[in-house]
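Notes to accompany the following structure.
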C-alpha cells in the first residue's frame, strides 16, 4: 500500500495516533507528548499535519517516525541509532519469547519466525536498557507486565491490519 493509499484508508495517521494514544484523553496525551491539544484534535479529525508536528509526536510518544508517518515498520522498538546490548540475558530473552508466543497464540495473530524473533529482540533490548546491566532477574521480571501490554497492543494492531485487508 502506498503512502497516498494509506492516507485515504482507516489505517492512516489519525488511526495510528489513536492507537498510540490508547485510552488516554486527547488533552492529557497532547500535554504528555508536548503538542498543542487543538493541533492533535485537528489531525485526529483528518487535517494534514506539519512535519514538525509528526516529529514531535514520534519523539514525545517514543514511536518510530517512519511508522507514524507512513505506517511502515513497527511502532515500537529500536531506532536505527540505538545499539543492541553487548550481550543477551538468556532468562530475559526466554521470558519475552514465551510472552510473545502466548499473546500471538491467544489473539491468533500469525507472525513469521523472523517477525517473532525481531519482536523478542526488540523488547529484550528495551527491557535490558530500562534495567541495570547486571540486574537480578527479578528486576527484569518486574517489567514483564509492561512487555505483555505492549506486545498485546502491537499484536492487536497487526490483527486489525490483517482484517482490513480481507
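Numbering (the numbering used here), first residue to last: 7 to 172. Glycine included, each C-beta is placed from N, C-alpha and C at the ideal position. Quick caveat: nothing in here was measured; it's all calculated off a predicted structure.
Inset, instruction - Taking only the alpha-carbon atoms, compute the straight-line gap between residue 1 and residue 67 and give it to the nearest angstrom. - result: With the chain covering only 7 through 172, there is no way to say anything about residue 1.
Inset, instruction - Starting from the C-beta of residue 27, find all residues in its chain whose C-beta is less than 6 Å away, skip the five residues before and the five after it, and write them out in chain order. - result: 35
Inset, instruction - Determine the DSSP secondary structure at residue 3, reduced to helix, strand or coil. - result: Past the edges of the chain, shown from 7 to 172, lies residue 3, and the structure says nothing about it.
Inset, instruction - Starting from residue 111, follow the alpha helix (DSSP H) in both directions and report where the run begins and ends. - result: 96-113
Inset, instruction - Would you mind stating whether residue 82 and residue 69 have Cβ atoms separated by less than 8 Å? - result: yes
Inset, instruction - With distances taken Cα to Cα, identify the nearest neighbour of residue 129 among 25, 23 and 105. - result: With respect to the C-alpha of residue 129, the residue from 25, 23 and 105 having the closest C-alpha is 105.
Legend entry - Nearest-angstrom Cα separation, counted from residue 136 out to residue 148: 11 Å
Inset, instruction - Go ahead and pull the three-state DSSP assignment for residue 163. - result: It is helical.
Inset, instruction - Would you mind working out which of 143, 133 and 44 sits nearest residue 157, comparing C-alpha positions? - result: 133
Legend entry - Minimum C-alpha distance to residue 42 - residue among 59, 97, 169 and 140: 59
Inset, instruction - Using only alpha-carbon positions, find the residue among 30, 55, 18 and 166 that is nearest to residue 76. - result: 18
Legend entry - Cα-Cα separation between residue 24 and residue 50, rounded to whole angstroms: 7 Å
Inset, instruction - Would you decide whether residue 151 is buried or exposed? Buried here means 16 or more other CB atoms lie within 10 Å of its CB. - result: Exposed.
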